[in-house]
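Written out below as structure tokens is the structure these notes cover.
Number of protein chains: 2
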Amino acid sequence: MKPRVLVVEDERALVTMLRYNLEKAGFAVAEAFDGEEALLRVAEWKPDVVLLDWMLPLVSGLEICRRLRRSREARALPILFLTARSEEMDRVRGLDTGADDYVTKPFSPSELVARLKALIRRSQSGAGADRLLCADVAIDLAQHRVTRGHRRVHLGPTEFRLLSHLMRHKGRVFSREQLLDAVWGDDCEVEARTVDVHIRRLRKALNEGGASDIVRTVRSAGYAIDEPERAIPG
Amino acid sequence: MKPRVLVVEDERALVTMLRYNLEKAGFAVAEAFDGEEALLRVAEWKPDVVLLDWMLPLVSGLEICRRLRRSREARALPILFLTARSEEMDRVRGLDTGADDYVTKPFSPSELVARLKALIRRSQSGAGADRLLCADVAIDLAQHRVTRGHRRVHLGPTEFRLLSHLMRHKGRVFSREQLLDAVWGDDCEVEARTVDVHIRRLRKALNEGGASDIVRTVRSAGYAIDEPERAIPG
DNA sequence: GGCGCCTGTCACAGAACTGCAATAGAAGGC
DNA sequence: GCCTTCTATTGCAGTTCTGTGACAGGCGCC
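Below, the structure is given as structure tokens:
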């Protein structure tokens, strides 16, 4: 079956060009010209990947992205951003928008196709492992279990999600705001400092029994979970 | 291009079975029957992921894993352990092996494939382009981490931003005022001389342990970071 | 209701970082 | 050599950020 890509873009000429290239590359293509339409199409047409313009009328691409990430069925839907230039690219990269990849205009059609395919391949290769490892800490997502070495670790729901998120992106530093978005949900209204408290509870639970701390604090930046003492992987 | 998996396993029958299943699942497969061969194959064939038996003749799986982690190119190579039963699984988990995941025998081929794909996906999405290199100094922006050679370097937030900025524009000289604008922010009200102090702190942190200085002072102009010892020809 | 568990907030203590100023040192012009 | 100009280094005090313990409210359960 052909992979289905939803193109969300308000510039008609660009849409025509994209449709031509994507169909030539073996995709089934659907179009949406603004954010509202995009959300509708996602719900009814169930694309495998969304190609999303950053600048859209009515609702911005970023907002669409957020809404998709919040919805239950579309949470894992791969999203590729189309951005106008590097300045905006920085924003896509800098903010944790939940985008999976981005391409800056102008772009080559073949590059675009390659990236779309890569995204689809990535997303279809299993909905992620149900197990995460880091040093001697293991999470079994299916069983909702955490162990440190041989010891069972008991975590509250929030600490569990926090740990999962940090371990899913091992090494990466998340700001308190990013963590609130990812772990508490995009629209929660919670003090940023509350993250500290949960980090503390997480540390306390993990380090009980004198184990070393795998949670790294990065001053004025946030928190990360590290594989201990491996230099930057390259 | 097909993802490449290196199977390291001494039991021939198992290798045959694995090859059959993995190729059916779209992997390119290479084999190694002991540790030495494995290391060779990694170096020459550059697999995307290694499937490593825990029990191997001559050199144990654990040892291979360690050596791979120590080498520069294979440091980030995802490794999936094959272990005989839960007792060994505990060791994989308990020791700080550097394994990314493990599967216990007997296993279902589809589970194995799913985990391999998950590992590859994770490692490809994680290997961000958010790195800056200069000589033996590396910055990983996502991880907020700096290394010099194999040593981790701790920097305060300001020094981190300063180094990032200088390395993003390798070789270029910035005046104190330019650095204040770029690193401290457009409208900050800080003495220009303060830049000196942070440059000092940066140098001190980077050169700890007697490394050569990569920060260049340009009298009456400012500072720059250079790729070392490439003399201007002519 | 009483109980245990989880959560968000606050206040305080302590650690880390920052900017400045004073002094010492280096580079260049004459 | 001498003077001027610019940079390096250091100590310190103020500020900012994080760690931690305590506490009250919410929720489900018995």
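As given, the protein sequences belong to chains E and G, one line each in that order. Just so it is clear: in the first sequence, position 229 is 229 by this note's numbering, and no numbers are missing. So this note's numbering is basically just the index in the second sequence, starting at one, shifted up by 234. Note that CB positions come from ideal geometry on N, CA and C, so glycine has one too.
Buried or exposed: where does residue i fall if 16 or more other Cβ atoms within 10 Å of its Cβ makes it buried?
i	result
C314/E	A query on residue 314/E cannot be resolved here, the shown segment of chain E reaching from 1 to 234 and no further.
A32/E	buried
M167/E	buried
G383/G	exposed
V259/G	According to the sequence displayed, residue 259/G carries Ala and not Val. Buried: at least 16 other Cβ atoms inside 10 Å.
R356/G	buried
E11/E	exposed
D136/E	buried
A426/G	exposed
D447/G	exposed
G61/E	buried
V92/E	With a pLDDT of 44 at V92/E, under the threshold of 50, the predicted position of this residue should be treated as unreliable, though the coordinate-derived value follows. So V92/E counts as buried.
Going straight from the alpha carbon of residue i to that of residue j, what length do you get?
i	j	result
H378/G	M251/G	43 Å
R395/G	A455/G	20 Å
D334/G	A118/E	22 Å
L95/E	V218/E	Residue placement at L95/E cannot be trusted, given a pLDDT of 42 that sits under 50; what the coordinates show is reported in the next sentence. L95/E and V218/E: Cα-Cα distance of roughly 17 Å.
G443/G	G332/G	27 Å
A348/G	A142/E	15 Å
L116/E	S108/E	13 Å
L80/E	V103/E	7 Å
H169/E	E177/E	16 Å
V424/G	S409/G	14 Å
E159/E	F261/G	37 Å
G345/G	I354/G	One point to set straight first is that residue 345/G is Glu, not Gly, in the sequence displayed. Looking at the two C-alpha atoms, the distance is approximately 14 Å.
L256/G	W45/E	32 Å
H165/E	A211/E	21 Å
V431/G	H154/E	46 Å
R306/G	A372/G	13 Å
M235/G	M1/E	20 Å
E304/G	K204/E	It should be pointed out that residue 304/G corresponds to Arg in this sequence rather than to Glu. When rounded, the distance between both Cα atoms is 31 Å.
Do residue j and residue i have their beta-carbon atoms positioned less than 8 Å apart in this structure?
i	j	result
V239/G	V263/G	yes
I64/E	L82/E	no
L163/E	L133/E	no
V173/E	A224/E	yes
V242/G	L311/G	no
D48/E	P3/E	yes
L206/E	V195/E	no
A308/G	K339/G	no
V215/E	I199/E	yes
E36/E	L68/E	no
D374/G	R386/G	no
L14/E	D34/E	no
G156/E	E227/E	no
R66/E	D186/E	yes
From which residue to which residue does the beta strand (DSSP E) around residue i run?
i	result
L56/E	First-last for L56/E: undefined, no H or E at that position.
A264/G	A262 to A266
A182/E	First-last for A182/E: undefined, no H or E at that position.
R131/E	R131 to C134
D335/G	D335 to T338
I79/E	I79 to T83
I225/E	G222 to I225
V449/G	V449 to V452
V266/E	In the structure as shown, chain E begins at 1 and stops at 234. Residue 266/E is therefore absent and cannot be evaluated.
R238/G	R238 to V242
Hey, quick one: how far does the alpha helix (DSSP H) through residue i stretch, first residue to last?
i	result
F435/G	Correcting the residue identity first, residue 435/G is Arg in this sequence and not Phe. Counting along the chain, the alpha helix (DSSP H) containing R435/G begins and ends at T428 to N441.
G295/G	G295 to R304
V249/G	R246 to K258
V276/G	G269 to W279
Entirely within the segment 372-406 of chain G and at least 4 residues each: give me those alpha helix (DSSP H) ranges in chain order. 391-402
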